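Note sheet for the following structure.
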Amino acid sequence: MAKKALIIIAQQGYQDLEYEGVKEQLERAGIAIVVASAAGGMCKGKLGGSAGGTVALSGIRVRDFDAILFIGGPGAETYSRHPEALRIAHEAAAASMPLGAICIAPLILAKAQALDGRRATVWDSGGEQAAIIQKYGATYTGDQVTRDGLIVTGNGPEATEEFARTMLEVMRG
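Our numbering puts the first residue of the sequence shown at 302, with every later residue one more than the last.
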């Protein structure tokens with residue numbers, strides 16, 4: 302049976318290049334993809350793209366998936382305060398399943414207590430985001446992509462290919 306990954310994007314302002322690149326690589330590897338957003342329905346990318354969120358975050362059961370991935374972009378920052386996004390990240394980490402976040406989305410993992418005691422990276426504008434993940438117990442690496450056990454973090458669109466490849470490695474065990 303094919304593995305199934307949940308990709309979570311912002312309703313408004315997801316990072317188009319990260320979403321498209323990650324989704325394409327996972328699908329090419331035979332991973333079934335479900336896309337979720339805050340309310341479900343049509344989502345608008347930062348660069349003008351659009352994607353359909355198949356399901357709202359409130360309808361997500363983490364155990365139905367083999368991996369959870371949060372895509373960045375300016376809209377993703379709102380998920381660092383969104384109870385359902387934080388629940389999903391926390392449950393995935395607690396279930397010891399592959400969990401990924403790219404760009405600003407590692408803030409979601411940090412605030413869900415998924416990065417405490419782990420190495421991670423994040424898109425960082427002047428030290429602000431690095432300071433936030435460190436405040437929540439992560440060791441900031443500054444790398445393009447950081448893998449710590451089953452958790453993979455990436456720092457932005459330029460890391461998309463490596464981030465997706467690393468997530469696939471984690472999912473394959």
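Using N, Cα and C, we set each Cβ at its ideal position, and we do this for glycine too.
Fair warning: this is a prediction, and the values are worked out from it, not measured in the lab.
Review point. Does the Cβ-Cβ distance between residue 465 and residue 348 come in under 8 Å?
Key: What you label residue 465 is simply residue 164 of the sequence shown in a count that begins at 1. What you label residue 348 is simply residue 47 of the sequence shown in a count that begins at 1. No, the Cβ-Cβ distance between residue 465 and residue 348 is not below 8 Å.
Review point. Can you check whether the CB of residue 376 is closer than 8 Å to the CB of residue 313?
Key: Indexing the sequence shown from 1 puts residue 313 at position 12. Indexing the sequence shown from 1 puts residue 376 at position 75. Closer than 8 Å, so yes.
Exercise for review: Give me the Cα-Cα distance between residue 353 and residue 449, rounded to the nearest whole angstrom.
Suggested key: Counting from one through the sequence shown, the residue named residue 353 turns up at place 52. Counting from one through the sequence shown, the residue named residue 449 turns up at place 148. Near 31 Å, if we compare the C-alpha coordinates of residue 449 and residue 353.
Review point. In the DSSP assignment, what residue or residues form a beta bridge with residue 354?
Key: Translated into the one-based positions of the sequence shown, residue 354 becomes position 53. In DSSP, residue 354 forms a bridge with 342.
**Study point:** Inter-residue Cα distance where the pair is residue 393 and residue 424
**Key:** As a working mapping, residue 393 is identified with position 92 in the sequence shown. As a working mapping, residue 424 is identified with position 123 in the sequence shown. Residue 393 and residue 424: Cα-Cα distance of roughly 22 Å.
Practice item. Could you tell me whether the Cβ atoms of residue 433 and residue 411 are closer together than 8 Å? Key: Numbered from its first residue, the sequence shown carries residue 433 at position 132. Numbered from its first residue, the sequence shown carries residue 411 at position 110. Taking a C-beta distance under 8 Å as the contact criterion, residue 433 and residue 411 qualify as a contact pair.
**Study point:** Simplified DSSP state of residue 471, which is helix, strand or coil
**Key:** Your numbering for residue 471 matches position 170 in the sequence shown. If DSSP states are grouped into helix, strand and coil, residue 471 belongs with the helices.
Review point. Which residue from 321, 446, 384 and 455 puts its Cα closest to that of residue 359?
Key: Taking the first residue of the sequence shown as 1, we reach residue 359 at position 58. Out of 321, 446, 384 and 455, 384 has the C-alpha closest to the C-alpha of residue 359.
Review point. Is the beta carbon of residue 454 sitting closer than 8 Å to the one on residue 407?
Key: Taking the first residue of the sequence shown as 1, we reach residue 454 at position 153. Taking the first residue of the sequence shown as 1, we reach residue 407 at position 106. Going by C-beta atoms, residue 454 is nearer than 8 Å to residue 407.
Point to revise | CA-to-CA distance, residue 365 to residue 303, given in whole angstroms | key: If you number the sequence shown from 1, residue 303 lands on position 2. If you number the sequence shown from 1, residue 365 lands on position 64. Looking at the two C-alpha atoms, the distance is approximately 12 Å.
Practice item. Might you give, ordered along the chain, the residues of its own chain that have their beta carbon closer than 7 Å to the beta carbon of residue 438, omitting 5 neighbours on each side? Key: As a first step, residue 438 must be located in the sequence shown, where it is residue number 137. Around residue 438: 416, 417 and 418.
Check your understanding: Is residue 307 closer than 8 Å to residue 409 when the C-beta atoms are compared?
Key -> Here residue 409 corresponds to residue number 108 of the sequence shown, with the count starting at 1. Here residue 307 corresponds to residue number 6 of the sequence shown, with the count starting at 1. Not a contact, by the Cβ cut-off of 8 Å.
Exercise for review: Keeping to the same chain, check which residues put their C-beta closer than 7 Å to that of residue 435; ignore five residues upstream and five downstream.
Suggested key: Position 134 of the sequence shown, counting from 1, holds the residue named residue 435. Closer than 7 Å at the Cβ level, and outside the excluded window around residue 435, lie 441.
Practice item. Take residue 472 as the anchor and find which of 357, 421, 367 and 403 has the nearest alpha-carbon. Key: Position 171 of the sequence shown, counted from the start, is the residue given in the question as residue 472. Residue 367 is the option with its Cα nearest to residue 472.
**Study point:** For residue 387 and residue 343, the rounded distance between their alpha carbons
**Key:** If you number the sequence shown from 1, residue 343 lands on position 42. If you number the sequence shown from 1, residue 387 lands on position 86. Distance between the alpha carbons of residue 343 and residue 387 is about 22 Å.
**Study point:** Beta-bridge partners of residue 326, as assigned by DSSP
**Key:** In the sequence shown, the residue the question calls residue 326 occupies position 25. DSSP output for residue 326 lists no bridge partner at all.
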